[in-house]
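Reading through the structure tokens given below for one structure.
Protein chains in written order, with my numbering: chain A, 10 to 111; chain B, 182 to 379.
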């Protein structure tokens, strides 16, 4: 591992940190127009949607059904009112059994 | 790498790029593109967070990840306190670094069927965070559904790389749904006024 590797690591650390830091410090204490604040409040839900789909369907390369089953089980447990841990562990459990038998 | 570059997707990407001999500058550029979505997340989190000195916010900005952001932003409290944010992020970062080490030692010794099943864990957590907010809230359903659809289309067509695609889908969905609701509210108000006048 030469100097080039450490420079790359440093660069990666920098471009990872900067986009996270700038909005939190520069927007600090500023009053935003209500429409902008509204859009920013929407972002968590939109970003979760985009993070889940389509990635959840593609967790197993070439096996779409695996992801479909996983997503369906997770949604089902969550809809039935299961907590975060029961959603995660339940889904892993079902998929483990599923992949043992398929 | 896990200590300094606190971003899973970037590490995966960097590994495959190093393996195929891509120049470091391009790897750094790619890392930036993958992480650009956190710009939006931080801006959104800023609305939700309790007031705090800038240097404190600059410190916990390091801990903004998909996971910690999702946990903080979907919390039921009106405002998120700074100590709570630090707690969430320290636990996340601590387990990130220590489990990278443990994972390094265990390597691929986990049974294959368990490895496969665990790959769903991250998405199961996202679903577990999203669904309670979706219940009885049509706006949240629209936001998540629209962003998921846009990102899926961009992914299938290969129009944008994943980092930009998530950014575009999130922004577009948040803006469109917000405009839809603002417009809807205005129409309802004018109708109400007309009824009053009549």
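Idealized CB from N, CA, C, for every residue including glycine. Predicted model, so just to flag it, every value in this text is computed and none were measured.
May I ask you to list the residues that DSSP assigns as paired with residue i?
i                      : result
residue 323 of chain B : Residue 323 of chain B is not bridged to any residue.
residue 230 of chain B : B:261
What do you reckon, are the CB atoms on residue i and residue j nearer than 8 Å?
i                      : j                      : result
residue 351 of chain B : residue 328 of chain B : yes
residue 103 of chain A : residue 82 of chain A  : yes
residue 304 of chain B : residue 59 of chain A  : no
residue 358 of chain B : residue 323 of chain B : yes
Of the choices the options, whose alpha-carbon is the least far from that of residue i?
i                      : options                       : result
residue 95 of chain A  : B:302, B:335 and B:275        : B:302
residue 20 of chain A  : B:188, B:210, B:184 and B:199 : B:210
residue 271 of chain B : B:361, B:241, B:208 and B:292 : B:241
residue 192 of chain B : B:249, B:230, B:278 and B:341 : B:278
residue 188 of chain B : B:227, B:226, B:224 and B:244 : B:244
residue 229 of chain B : A:100, A:25 and A:33          : A:33
residue 248 of chain B : B:258, B:308 and B:299        : B:308
residue 106 of chain A : B:364, B:294 and B:205        : B:294
residue 342 of chain B : B:315, B:213, B:186 and B:261 : B:213
residue 30 of chain A  : B:207, B:195, B:217 and B:206 : B:217
residue 223 of chain B : A:25, A:69, A:65 and A:58     : A:25
residue 344 of chain B : B:182, B:337, B:236 and B:332 : B:332
Could you tell me the alpha carbon to alpha carbon distance between residue i and residue j, rounded to whole angstroms?
i                      : j                      : result
residue 254 of chain B : residue 23 of chain A  : 24 Å
residue 90 of chain A  : residue 55 of chain A  : 21 Å
residue 360 of chain B : residue 264 of chain B : 34 Å
residue 100 of chain A : residue 310 of chain B : 14 Å
residue 434 of chain B : residue 76 of chain A  : There is no way to answer for residue 434 of chain B, as the model of chain B reaches only from 182 to 379.
residue 282 of chain B : residue 313 of chain B : 33 Å
Would residue i be called buried (16 or more neighbouring beta carbons within 10 Å of its own) or exposed?
i                      : result
residue 292 of chain B : exposed
residue 35 of chain A  : exposed
residue 246 of chain B : buried
residue 364 of chain B : exposed
residue 286 of chain B : exposed
residue 238 of chain B : buried
Shorter than 7 Å, the distance from the beta carbon of residue i to the closest heavy atom of the ligand SAH, or not?
i                     : result
residue 67 of chain A : The model on display carries no ligand, and the ligand SAH is accordingly not part of it.
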